[in-house]
Structures are given as C-alpha cells and as structure tokens.
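Before any comments, here is the structure.
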Amino acid sequence: MANPNAELIERFYRAFQDVDAEAMAACYARDIRFEDPVFGVLHGREAGDMWRMLLARAADFSLSYSDIKATGQTVTANCVATYQFSRTGRKVVNEIRSKFAIRDGEIVEQTDTFDLWRWSRQALGLKGWLLGGTSIVQSRIREEARKGLAEFRRKSAS
Numbered sequence: 001m002a003n004p005n006a007e008l009i010e011r012f013y014r015a016f017q018d019v020d021a022e023a024m025a026a027c028y029a030r031d032i033r034f035e036d037p038v039f040g041v042l043h044g045r046e047a048g049d050m051w052r053m054l055l056a057r058a059a060d061f062s063l064s065y066s067d068i069k070a071t072g073q074t075v076t077a078n079c080v081a082t083y084q085f086s087r088t089g090r091k092v093v094n095e096i097r098s099k100f101a102i103r104d105g106e107i108v109e110q111t112d113t114f115d116l117w118r119w120s121r122q123a124l125g126l127k128g129w130l131l132g133g134t135s136i137v138q139s140r141i142r143e144e145a146r147k148g149l150a151e152f153r154r155k156s157a158s
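Its first residue numbered 1, the sequence shown is counted upward by one per residue in UniProt numbering.
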C-alpha cells in the first residue's frame with residue numbers, strides 16, 4: 001500500500017506541474033507555515049496566495065520532482081522549477097529541496113531551501129552575479145517579493 005503522506009506530496013507537485021494554484025493550496029491546512037529564502041515565513045492563506053501570484057505570472061514554466069520520501073508525518077522531496085522571471089525576463093532553473101510536515105492528511109508546514117545567490121545570478125543577471133550573495137541584495141529580494149505578494153493580496157481582496 002502506498003504511503004498517504006507521500007501521495008499528498010505527489011498530488012501537490014502534480015498540481016504545481018499543471019499550474020493549478022488552487023489544487024496546491026487545497027493540500028495545505030488552514031494554519032500552514034511556509035518558509036523559503038525569498039518570501040521568508042508565510043502563514044495561512046498567504047502561502048496559497050503566494051502560489052496564486054507566482055503561477056499567475058508563470059511564463060515558460062515547467063517543473064520536475066523526484067525523491068519523495070515519507071518518514072512518519074515528515075516528507076522530503078526535490079524539485080526543479082524552470083521559468084522566465086517576470087521582472088527581468090531571464091530564465092531561472094531553481095533546484096529546490098522541500099521538507100513537509102503532515103497532519104490529518106494536510107500539509108501543515110513546508111520549508112523550501114535553495115541557493116538564493118544562484119537564483120539571483122539567474123534572475124537578475126550581472127547585478128545578481130556581483131551582489132546577489134550580499135545580505136543587502138538578498139534583503140532587497142525578500143522585500144520586493146513580500147511587497148509583490150501584499151499587492152497581489154490587496155488586489156485579490158477587492
């Protein structure tokens with residue numbers, strides 16, 4: 001018999017491949033805690049709205065995933081998201097390692113890790129190459145991401 005927690009993460013990634021933010025958000029518990037190097041920590045509906053925003057902007061998007069491993073209520077997986085960064089039009093190939101905590105058949109915590117400097121080199125070009133490893137530029141990346149999410153949420157609420 002297949003592991004139901006691994007199946008949940010498989011469903012999450014299939015929805016991601018299908019650019020279906022609603023199906024992704026449906027895998028989350030209401031009190032989801034999401035964290036990654038760009039957005040920092042998001043709670044509840046913010047996490048689903050992040051996917052809604054990112055996938056609404058997705059251009060030339062593809063996703064592959066692998067190595068889904070479940071141990072009790074914890075699941076780990078790898079994915080590679082390839083897309084055109086909307087702000088610069090540059091191609092990004094982001095290799096992400098995810099860790100999920102599952103409760104009652106829903107994702108209650110997701111922590112994504114990836115190399116932010118590598119991401120910035122691809123997304124921002126020369127500026128990212130030269131300065132993307134600095135805390136100043138990384139803070140600016142986070143600030144812009146959070147600002148974009150807040151604006152998206154404000155417009156969506158109207």
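Backbone N, C-alpha and C define an ideal beta-carbon position, used for all residues, glycine too.
Note that the structure is predicted; figures quoted are calculated from it, not measured.
- For A6, the enclosing alpha helix (DSSP H) has its first and last residue at 4–17.
- Note on G128: 16 or more other CB atoms within 10 angstroms of its CB, so buried under the neighbour-count rule.
- Separation of the CB atoms of I102 and Q73 is rounded to 5 angstroms, and the pair is thereby assigned contact status at 8 angstroms.
- In the three-state scheme derived from DSSP, where H, G and I count as helix and E and B as strand, R30 is classed as strand.
- In the structure shown, S120 adopts helical secondary structure according to DSSP, grouped into three states.
- Spatial neighbours of F85 in its own chain (CB-CB distance under 6 angstroms, excluding positions within 5 residues in sequence) are listed in chain order as V92, A123.
- Around the CB of S139, fewer than 16 other CB atoms lie within 10 Å, so the residue is classed as exposed.
- Across the set D49, T82, V75, the C-alpha of T82 shows the shortest separation from the C-alpha of L63.
- For A70, the enclosing beta strand (DSSP E) covers residues 62–71.
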